[in-house]
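In this note's numbering, the protein residues as written are 573 to 852.
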């Protein structure tokens with residue numbers, strides 16, 4: 573049954589009232605809501621927690637930029653003391669095993685040594701400075717640091733110049749020892765390398781006194797000291813026929829200085845251990 577015109581008119585008026593009521597309950601957003609919206613608690617479109625995260629990130633980035641601009645690129649950022657250096661050897665292997673009659677057995681070892689010594693070629697080192705033996709080369713106020721020369725030829729029989737096989741062809745291999753770089757390190761005393769075997773072994777050091785001269789310290793970092801080379805000590809294992817086909821354990825230590833070489837928690841701090849087995 574259809575409604576009368578009076579009833580339809582009354583229904584339309586009631587619908588209009590409901591719509592007006594809804595408009596009052598849910599007012600449209602105004603320009604003020606763009607600054608602070610009381611219904612969502614947002615300020616400038618962000619909640620309080622969101623603003624907190626943004627401010628924190630800004631502070632962190634600002635501090636990071638400040639550190640970057642004020643700290644010296646040559647010095648480790650969080651260094652509270654000078655670290656104790658470790659020793660490493662070349663060829664880069666904890667176990668050196670080869671047949672002296674077969675060059676393919678030891679070519680990798682001698683190539684490793686030749687690669688290391690390229691920067692020590694006499695023609696390159698002659699461009700560097702002759703420094704005072706036994707004295708630190710301190711250059712704190714110099715923007716570009718001079719480099720003390722260490723010539724490859726100083727390693728004599730272990731230089732790869734007189735014998736390109738570094739003694740491997742004879743079964744008397746050369747092992748080159750160097751100390752890790754530590755910025756600012758100035759070892760006290762008269763540091764030198766001393767090697768011992770688990771059985772009596774004849775050894776020859778080059779340079780003969782096995783010293784890591786103080787002229788090569790301190791190191792100022794790669795940026796200011798770009799051409800710096802560490803001092804090297806070579807030890808040649810003069811193995812006899814009785815030593816062949818027997819695994820020899822050799823330990824080399826940094827001696828004559830205040831630097832540590834006896835920390836059981838770090839087997840490479842001031843020392844290095846390697847094994848050698850030569851067959852024929």
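Note that CB positions come from ideal geometry on N, CA and C, so glycine has one too.
Just so it is clear, the structure is predicted and the values come from calculations on it, not from any experiment.
Residue i bridges to which residues according to DSSP?
i: residue 821; result: 847
i: residue 809; result: 775
i: residue 751; result: 659
i: residue 804; result: 750
i: residue 764; result: 783, 827
i: residue 720; result: 701
i: residue 769; result: 822
What is the DSSP secondary structure of residue i, reduced to helix, strand or coil?
i: residue 839; result: coil
i: residue 698; result: coil
i: residue 788; result: helix
i: residue 676; result: helix
i: residue 687; result: helix
i: residue 725; result: helix
i: residue 703; result: coil
i: residue 668; result: strand
i: residue 681; result: helix
Could you spell out where the beta strand (DSSP E) holding residue i opens and where it closes?
i: residue 737; result: Element bounds for residue 737: n/a, residue is neither H nor E.
If you drop the 5 nearest sequence neighbours on each side, which residues of the same chain put their C-beta closer than 7 Å to that of residue i?
i: residue 757; result: 654, 657, 789, 790, 791
i: residue 750; result: 660, 802, 804
i: residue 701; result: 718, 719, 720, 721
i: residue 760; result: 829, 830
i: residue 662; result: 684, 685, 688, 748
i: residue 735; result: 729
i: residue 716; result: 796
Which residues in the same chain as residue i place their Cβ atom closer than 6 Å to its Cβ, once the five residues preceding and following it in sequence are excluded?
i: residue 765; result: 749, 782, 805, 824
i: residue 852; result: 672, 673, 816
i: residue 821; result: 770, 847
i: residue 737; result: 682
Among the residues of its own chain, which have a CB less than 8 Å from the CB of residue i, if the five just before and after it don't count?
i: residue 842; result: 656, 657, 658, 659, 825, 826, 831, 832, 833, 834, 835
message: Would you call the segment 708 to 725 in contact with the segment 685 to 698, where contact means no fewer than 3 C-beta pairs closer than 8 Å?
response: Touching, yes.
message: Three Cβ pairs or more, each shorter than 8 Å: is that satisfied between the segment 806 to 816 and the segment 741 to 755?
response: yes
message: Count Cβ pairs between the segment 704 to 714 and the segment 659 to 674 that sit closer than 8 Å; are there 3 or more?
response: no
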